[in-house]
Structure formats: structure tokens, C-alpha cells
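Each number in my numbering corresponds to the 1-based position in the sequence shown with 787 added.
The structure appears below as C-alpha cells.
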Amino acid sequence: YLTKEWYNLCQQTALNFGMEVHNGCNIYDEELYLQLYKIKEKEFIKLQHEVYDVDPRFMLEQDGCSLVPADKFMSGEEIKEEDKVVYNMPSEEKDRIQKLIAEYDSRPPFDEEKNRKEFHLFQEVAQKDLTDKLPYEILQQIADIRVFTLGFCTEIILNQLESISEENKTEVTRILNEYTEAQQAEKIPQSIRGKFSFHDCEVTGLTINNNVVISFDTQGRFTNHNMITFVDSEIIKQDEHIVGSTWLYEELYCTEYGYEAHMLFWGVNMPELIIGCKNIII
């Protein structure tokens, strides 16, 4: 279910996001491109400058503030005085903010030229990404991919992007629902099911013998377990570049022999790993 094809489809559920209709996009026009590029570049630099000038002193204002329970605030319930809690900022947090303030006060002037280069690089990367991601029939209708990358297209193309995005969203949801039903139907022990997830963890090692052992960097992630062992295992599918990639999604099924595990990683070519095994130790 959660294959690299499914993941790629997920990336095409909002193709219309941020796009604006421009009547001049129906033809290749170098002057129009340069004009729109300057506008977007100016907006980018302005935003970066505003972020650069955010004084971290505002974070100290949280010290001594009254906090209220989120559930009561969201539900609209009456918040009584006894519900409020005064936040006393830990000294470690104050020290961290003071360090940020010192860095802010000693920062060099805003480098507009550096940000101009960053915008240009961003456009190059975004253009390649769009070229790889957009359906071929859409690409064939775009007069200038550079203008499209800046966020402008014809009304006809925008309508098609909206339609394709909705179709893809429906298909992604259908597959996800089928995956959920299939996983819920599997009679997997909770001792394995509850731990068999290393979402956003980087793979630091992969050892293949009779057992397959995967180790992870789990710092700041959703699990404290940093290793999984597939006992008495058989590799059914193994793509390259798994080490150094990031664990995204997993599927686990019972077999006559034991288990069959499907794993999808974020990295070069979105590697997949499918393993049959007798047992799983986490």
C-alpha cells in the first residue's frame, strides 16, 4: 500500500497550491519572466530581512505569563482564576535566550546579495522538482517553466492542476484507508505492533546475515528504540541507499513462517526494503 508510487502520488495532491493566473503565461515571453522574477525576488528578500530583524527579546515576555488549559480554551468553557497557571521560565531557557540576544546584537548587516543568490538557487531547485513532479500532459502546455516555477500559469492549466490534485487526493485517501483496514486485521502482538515504527529516524546501519539488523539515530524522534532485528530473515526486496536515508512508513503482515515487513525510506530514489522473518526484536 504505502509504496514509493503512493508517496509520489501524495506529492501531487496540491499541485495548484500557491499558483496565480496570469494572462501572459500562454506564450514564452522573456521580458515577462524577468519582470515577474524581480517581483518575487523582492518579496523573498523583504521576508528574509523581516525574519533577520526579529529581536529574540520578545521570548523573555513569556516569563510570568498566566497560562490556561488548552482544552478549556478550545471548548470555550469559562476559565476560572484557579485554572490559570503562572509560567516561571527555567534559568536554562533564560540563558539560551540571552545567548540568542547576544548573537542578535552582534549580527552583521543583512546581506541582500547573499539572499538574492539564495533565491536564484531556490528557483533552480524548485524548477527541477516541478519538472520531475508534474504530469507530462501539463508540462507540455507550459510555455515557460521558469514562469510556472515563480507561481504563475494560465487559467486552463490552473483548472487542470486543481482537478488532478483532487483526483490524486481521493486515490491517496482510498489507499490509506485500505492500508489501515489491512493493518488492523493483522493479529500482530502488541509488543511488536506498538514498537514497529521509526518514523523520521535516520538509518545509521544495516547488517545482513541470518538476521537483518537496522540501527537508527533516534535523537529528537518519536521513539527511544534505536535498533530492530529481523530474526532468521530473508530479503525479498532491497533497494540501494538505505543507510543514510530516513524511515518513513511501514507495513507488517503475518505469514505462515512469521512476519513480512515492508519499509519505505526517504532518500535517494525513495528506497524500499521488504523482509520475511521468523520474529522481530525491538
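The beta carbon of each residue, even a glycine, is placed where N, CA and C say it ideally should be.
Pick out whichever of the options has its Cα sitting closest to the Cα of residue i.
i: M876; options: T1010, I814, K886 and G851; result: G851
i: I1102; options: L1035, A1048 and T936; result: The structure shown does not extend to residue 1102, since the chain is modelled only from 788 to 1069, so the question has no answer here.
i: L1039; options: M1057, D1004 and K974; result: K974
i: K1065; options: E1043, W1053 and V1055; result: E1043
i: K871; options: S853, I888 and G863; result: S853
i: N996; options: E965, V1018 and L823; result: V1018
i: K825; options: K904, E1027, E864 and E890; result: K904
i: G1054; options: C1041, I1029 and E1037; result: I1029
i: R986; options: I979, T1010 and E965; result: Strictly speaking, residue 986 in this sequence is His, with Arg absent from that position. Of the candidates I979, T1010 and E965, the one whose C-alpha sits nearest the C-alpha of H986 is T1010.
i: N946; options: F983, L802 and K915; result: L802
i: N810; options: Q970, F935, F804 and L921; result: F935
Considering only residues of the same chain and omitting the five flanking positions on each side of residue i, which have a CB-CB separation below 7 angstroms?
i: S1002; result: T991, G992, N1013 and M1014
i: A930; result: C812, N813, I814 and Y815
i: G1045; result: C1064, K1065 and N1066
i: N1056; result: D1026 and H1028
Name the one or two DSSP bridge partners that residue i has.
i: D1113; result: Nothing in the structure corresponds to residue 1113, since the chain is present only between 788 and 1069.
i: E807; result: F939
i: I995; result: V999
To the nearest angstrom, how far is the alpha carbon of residue i from that of residue j?
i: K881; j: L847; result: 7 angstroms
i: I884; j: S878; result: 10 angstroms
i: S952; j: P976; result: 38 angstroms
i: D842; j: I888; result: 7 angstroms
i: G981; j: N998; result: 21 angstroms
i: E911; j: E869; result: 55 angstroms
i: E890; j: F939; result: 38 angstroms
i: I1062; j: K1024; result: 7 angstroms
i: E949; j: T941; result: 12 angstroms
i: E864; j: Q849; result: 24 angstroms
i: L937; j: G1031; result: 32 angstroms
i: K901; j: H907; result: 10 angstroms
Identify, in the order they occur along the chain, each residue of the same chain with its Cβ nearer than 8 angstroms to the Cβ of residue i, setting aside the five sequence neighbours on each side.
i: I866; result: V855, P856, K859 and F860
i: E899; result: I832 and H836
Apart from the five residues just before and just after residue i, which ones in its own chain have a Cβ nearer than 6 angstroms to its Cβ?
i: C797; result: V959
i: R933; result: Y820
i: N955; result: L796, Q799 and T800
i: I1068; result: T1016
i: I962; result: Y788 and W793
i: F774; result: Outside the shown range of the chain, which is 788 to 1069, sits residue 774, and nothing can be said about it.
i: E989; result: D1004 and T1033
i: D1026; result: P1058 and E1059
At a threshold of 7 angstroms, does residue i count as lining the ligand PLP (C-beta to nearest heavy atom)?
i: V808; result: For the ligand PLP, the structure offers nothing, since it holds no ligand at all.
*Scan the stretch 1015 to 1069 and note each continuous beta strand (DSSP E) run of 3 residues or more that stays entirely inside, going in chain order.*
1021 to 1025, 1033 to 1041, 1046 to 1053, 1059 to 1064 and 1066 to 1068
*Within the stretch 812 to 899, note down every full beta strand (DSSP E) run reaching 3 residues or more, in order along the chain.*
none
*Unbroken alpha helix (DSSP H) runs of length 4 or more, entirely within the stretch 913 to 967: which are they?*
923 to 926 and 932 to 936
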